[in-house]
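Asker:
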Amino acid sequence: MKVLHMTSKKRETYHIEIKSSLLWECAFGIAAFTNEPLLHTLNKPQHEWKQHTQTFPKRLLKNLDKVAKHNTWKSLLQILHQGDFPDIPSFKKYIMDSPANKFKLEIIPFIGQAHQEDRICAAKGDSSARTRLMEAAKENPFFPSYIEYVCSSDTDELKPHLCEVMEDWHQHFIMPQEDTIDSILRTDAESKKKMLHSKQPEELVEWATGGIQYHAEPSVHRCLLIPHYIYRPWNIEADLEGTKVFYYPIADESIDSGDRYQPSSQLVNKYKALGDETRLRIVKMLADGPMTLKELTAELSLGKSTIHHHLKLLKSARIVREQKSNYELNIQTIEATPLEMDRFLKN
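Taken in order, the sequence shown gives residues 1 to 347; the numbers are from UniProt numbering.
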């Protein structure tokens with residue numbers, strides 16, 4: 001096809017904003033602690049999580065059980081997007097002062113402009129709109145049940161729950177290490193901000209997230225990057241109206257251990273993920289091309305839950321990525337791994 005380019009207009013893309021705070025870290029910690037199947041994949045050792053359980057007060061444990069059952073950590077993240085809250089008291093005040101319908105709308109996830117009217121109506125108590133919204137969100141593993149719960153819940157019960165779990169988590173988990181965590185988050189956010197003018201938006205997202213390739217979408221004009229420490233090594237994606245959000249794991253460089261013999265967590269995760277025969281077989285198979293979970297299960301003659309477990313570990317090491325219903329090999333990570341090992345040995 002022959003094309004005459006008679007325009008000087010460049011392809012439009014999104015602009016990037018970077019935010020960080022201890023309140024985000026509170027919400028991520030609550031999300032991590034209440035996602036038990038994921039705990040063994042996190043950088044923080046599982047036995048350390050169990051130690052915290054022994055010191056938490058009853059009110060916090062009760063609210064954490066509720067978070068685990070209904071995924072209300074999502075509500076915390078949704079509310080944090082409503083303003084730049086400087087501290088826990090301002091966060092609590094915002095929640096308690098919000099009118100019921102406004103509060104419900106803000107904690108219901110945005111799932112696309114086509115479903116905005118149903119989202120608004122569901123927040124006002126329209127059960128038909130709620131059902132349609134749940135149907136539209138059915139591909140997400142927890143959105144339908146979460147939407148049903150927050151829409152049908154009494155705000156006089158839900159508001160105190162969110163305030164209490166955030167306040168108690170901050171007091172018992174964040175405060176003992178507040179200065180250290182705050183310094184790490186600020187260091188990482190500043191390192192990303194320094195690159196705002198030297199990298200294209202797509203390049204910055206890929207660099208910050210460790211490999212996610214996010215291209216511009218027609219309805220998305222802003223990409224928000226928020227660093228986290230506690231949920232490493234996972235990236236978490238979310239959508240707001242007009243905004244794509246990546247809650248990304250801070251870089252190892254943002255943590256000054258002072259120990260030249262300490263390998264980076266990314267390097268450890270990669271070699272752990274590759275140190276298994278089944279996972280190496282999966283890597284070899286994906287080197288031939290993308291495959292679905294069903295195809296991998298059939299090829300390896302293993303159960304779906306087993307294959308899913310192996311894929312989760314490969315994804316956490318950023319060796320494999322998921323595109324819609326397909327899994328594909330992140331060849332850049334494979335090629336970079338021996339170089340990272342070389343840098344570690346020569347450092």
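Every residue gets a Cβ at the ideal spot worked out from N, C-alpha and C, and that includes glycine.
Only a predicted model underlies this, so the values are computations on that prediction, with no experimental measurement involved.
#1: The beta strand (DSSP E) that contains residue 420, what's its start and end?
#2: Under 8 Å Cβ to Cβ from Ser8, same chain only, skipping five residues before and after it: list those, please.
#3: Does the Cβ-Cβ distance between Ile181 and Ile174 come in under 8 Å?
#4: Using the Cβ count rule (16 or more neighbours within 10 Å means buried), how would you classify Pro233?
#5: From the DSSP output, in three-state form, read off Val283 for me.
#6: From the DSSP output, in three-state form, read off Leu302 for me.
#7: With a threshold of 16 other CB atoms inside 10 Å of the CB of Arg59, please say whether the residue is buried or exposed.
#8: According to DSSP, simplified to helix, strand and coil, what is Phe246?
#9: Answer with buried or exposed for His5, where buried requires no fewer than 16 other C-beta atoms within 10 angstroms of its C-beta.
#10: From what residue to what residue does the beta strand (DSSP E) around Val320 run?
#11: Could you check which residue in Asp118, Leu22 and Ala31 has the C-alpha nearest to that of Lys88?
#12: Hey, is the segment 315 to 332 in contact with the segment 242 to 252, meaning 3+ C-beta pairs nearer than 8 Å?
#13: Nearest to Leu64 by alpha carbon, out of Arg186, Asp168, Pro263 and Phe344?
#14: Kindly identify the DSSP beta-bridge partner or partners of Leu224.
#15: Applying the 10 Å Cβ sphere with the 16-neighbour rule, what's the burial state of Asn269?
#16: If you reduce the DSSP assignment to three classes, tell me which class Thr292 lands in.
#17: Here's the rule I'm using: 16 or more other beta-carbon atoms within 10 Å means buried, otherwise exposed. How should Leu345 be labelled?
#18: Residue range of the alpha helix (DSSP H) that Tyr327 falls in?
#19: Please return the same chain residues whose Cβ sits closer than 6 Å to the Cβ of His70, not counting the five positions on each side in sequence.
#20: Over what stretch of residues does the alpha helix (DSSP H) that includes Gln46 continue unbroken?
#21: Which runs of the alpha helix (DSSP H) fall wholly inside the segment 141 to 213 and span at least 4 residues, in chain order?
#22: Using 8 Å as the cut-off, can you tell me whether the segment 46 to 53 makes contact with the segment 96 to 116, which would need three or more C-beta pairs spanning the two stretches below that distance?
#23: Taking 6 Å as the limit between beta carbons, can you name the residues of its chain near Ile236, skipping five residues before and five after?
#24: Counting C-beta neighbours from all protein chains within 10 Å, is the total for Ser90 16 or more, i.e. buried, or is it exposed?
#25: Give the single residue among Ser316, Thr131 and Asp239 whose Cα lies nearest to the Cα of Pro144.
#26: Find out if the Cβ-Cβ distance for the pair Lys199, Ile18 is shorter than 8 Å.
#27: Counting along the chain, where does the alpha helix (DSSP H) carrying Thr131 start and finish?
Answerer: Looking at the coordinates:
#1: There is no way to answer for residue 420, as the model of the chain reaches only from 1 to 347.
#2: As a first step, residue 8 is located in the sequence shown; it is residue number 8 there, counting from the start. For Ser8, the predicted model reports a pLDDT of 46, less than 50, meaning its position is unreliable and no value from the coordinates is stated.
#3: As a position in the sequence shown, residue 181 is number 181, starting the count at 1. As a position in the sequence shown, residue 174 is number 174, starting the count at 1. Yes. Within cutoff.
#4: As a working note, residue 233 is residue 233 in the sequence shown. It counts as buried.
#5: On the sequence shown, residue 283 is found 283 positions in, with the first residue counted as 1. Three-state DSSP puts Val283 in a helix.
#6: On the sequence shown, residue 302 is found 302 positions in, with the first residue counted as 1. Of the three classes helix, strand and coil, the one that applies to Leu302 here is coil, per DSSP.
#7: In the sequence shown, counting from the first residue as 1, residue 59 sits at position 59. Classification of Arg59: exposed, given that the 10 Å Cβ count is below 16.
#8: Counting from 1 along the sequence shown, the entry for residue 246 is found at position 246. DSSP places Phe246 in strand when its eight states are reduced to three.
#9: As a position in the sequence shown, residue 5 is number 5, starting the count at 1. Residue placement at His5 is flagged as unreliable, the pLDDT there being 44, under the threshold of 50; the coordinate-derived value follows with that caveat. Looking at its Cβ environment, which holds fewer than 16 other Cβ atoms inside 10 Å, His5 is exposed.
#10: Stepping through the sequence shown from its first residue, residue 320 is reached at position 320. Start and end: Val320 to Gln323.
#11: If you number the sequence shown from 1, residue 88 lands on position 88. Residue identity differs from the one stated: residue 88 is Ile in this sequence, not Lys. When each option's Cα is compared against that of Ile88, the closest is Leu22.
#12: no
#13: Position 64 of the sequence shown, counted from the first residue, corresponds to residue 64. The option with the nearest alpha carbon to Leu64 is Asp168.
#14: Here residue 224 refers to the residue found at position 224 when the sequence shown is read from its first residue. Answer by DSSP bridge pairing, in chain order: Glu17 and Val245.
#15: As a working mapping, residue 269 is identified with position 269 in the sequence shown. The residue in question, Asn269, is buried, as its Cβ has 16 or more Cβ neighbours within 10 Å.
#16: To locate residue 292, count along the sequence shown from 1; it is residue 292. Three-state result, Thr292: strand.
#17: As a working note, residue 345 is residue 345 in the sequence shown. Exposed.
#18: Taking the sequence shown and counting its residues from 1, the one referred to as residue 327 is at position 327. Run containing Tyr327: none in the alpha helix (DSSP H); it sits in the beta strand (DSSP E), Asn326 to Leu329.
#19: Here residue 70 corresponds to residue number 70 of the sequence shown, with the count starting at 1. So the list reads Tyr149, once near-sequence residues are dropped.
#20: Looking up residue 46 in the sequence shown gives position 46. Element bounds for Gln46: Gln46 to Thr55.
#21: 143 to 152, 155 to 169, 178 to 193 and 201 to 209
#22: no
#23: Here residue 236 refers to the residue found at position 236 of the sequence shown. Correct list, in chain order: Tyr247.
#24: Working through the sequence shown from its first residue, we reach residue 90 at position 90. Classification of Ser90: exposed, given that the 10 Å Cβ count is below 16.
#25: Working through the sequence shown from its first residue, we reach residue 144 at position 144. Nearest option by C-alpha distance: Thr131.
#26: Taking the sequence shown and counting its residues from 1, one reaches residue 199 at position 199. Taking the sequence shown and counting its residues from 1, one reaches residue 18 at position 18. Against a cut-off of 8 Å, the Cβ pair of Ile18 and Lys199 comes out as no contact.
#27: Translated into the one-based positions of the sequence shown, residue 131 becomes position 131. Per DSSP, Thr131 belongs to the alpha helix (DSSP H) from Ser127 to Ala136.
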